[in-house]
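This report refers to the structure that appears directly beneath it.
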Amino acid sequence: MALISSNGYAHVRLTVTDIERSKTFYDELFGWPKAIDSSASVDEPGVTEDPEQFYGGVVYQTPQGTLFGLRPVGATTFDSTTTGLDHVSFTVDSRDDLVAAAAAFDEAGIRHGEVIDLTDAGLAILSFQDPDDINIELTAPLA
1 MALISSNGYA HVRLTVTDIE RSKTFYDELF GWPKAIDSSA SVDEPGVTED
51 PEQFYGGVVY QTPQGTLFGL RPVGATTFDS TTTGLDHVSF TVDSRDDLVA
101 AAAAFDEAGI RHGEVIDLTD AGLAILSFQD PDDINIELTA PLA
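So the sequence shown is residues 1 to 143, counted in full-length UniProt numbering.
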């Protein structure tokens, strides 16, 4: 028996080195509405240490109702081989949406991998990196 009963995760927050650069990237990538944006005060004393000011970051509302945040306190770029986050994956409706995303990335100059079918898992993936080299993935069901 599980120790807790959870319906899933409520939010994910990534630590980034440049909040404006990351905001621009994710605004253009997903176009999600901002639930909270404290980035205008990021340079004020104490803001990056204050959870009540969301560390001078931004929080997006995803279509699923979960939250996706950016926290501007990173000092180095991302390394997926260090203990912690390996990647973040977001869903799209179909494999065709992955192909369309790859074409949109080409037009926008965003480097990305190929669409890969993981048949045993029943999904396809498209991987790319954000401005801090954080591994981001789009997934779609194969069926």
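Here a beta-carbon is modelled for each residue, glycine too, at the ideal position from N, C-alpha and C.
Fair warning: this is a prediction, and the values are worked out from it, not measured in the lab.
What are the boundary residues of the beta strand (DSSP E) that includes residue i?
{"i": "Y55", "result": "That residue, Y55, is in no beta strand (DSSP E); it is neither H nor E in DSSP."}
{"i": "D117", "result": "I116 to L118"}
{"i": "A35", "result": "K34 to D37"}
{"i": "D70", "result": "This sequence places Leu at residue 70; Asp is not what is there. Looking at the DSSP string, the run of the beta strand (DSSP E) that includes L70 is L67 to R71."}
{"i": "L126", "result": "L123 to Q129"}
{"i": "R13", "result": "H11 to T15"}
Suppose you measure from the CA of residue i to the CA of residue j; what does that come to, to the nearest Å?
{"i": "H11", "j": "Y55", "result": "15 angstroms"}
{"i": "P131", "j": "V47", "result": "22 angstroms"}
{"i": "A75", "j": "I19", "result": "12 angstroms"}
{"i": "T81", "j": "G69", "result": "22 angstroms"}
{"i": "T66", "j": "V92", "result": "15 angstroms"}
{"i": "D37", "j": "P63", "result": "18 angstroms"}
How would you write the range of the alpha helix (DSSP H) that residue i sits in, first residue to last?
{"i": "L29", "result": "I19 to F30"}
{"i": "E44", "result": "From DSSP, E44 is part of no alpha helix (DSSP H); its letter is neither H nor E."}
DSSP on residue i, reduced to helix/strand/coil?
{"i": "F90", "result": "strand"}
Counting only beta-carbon separations shorter than 7 angstroms, does residue i have a partner in chain D?
{"i": "I4", "result": "No chain D appears in the structure shown, which is made up of a single protein chain."}
Based on the DSSP secondary-structure assignment, which residues constitute the bridge partners of residue i?
{"i": "A140", "result": "A124"}
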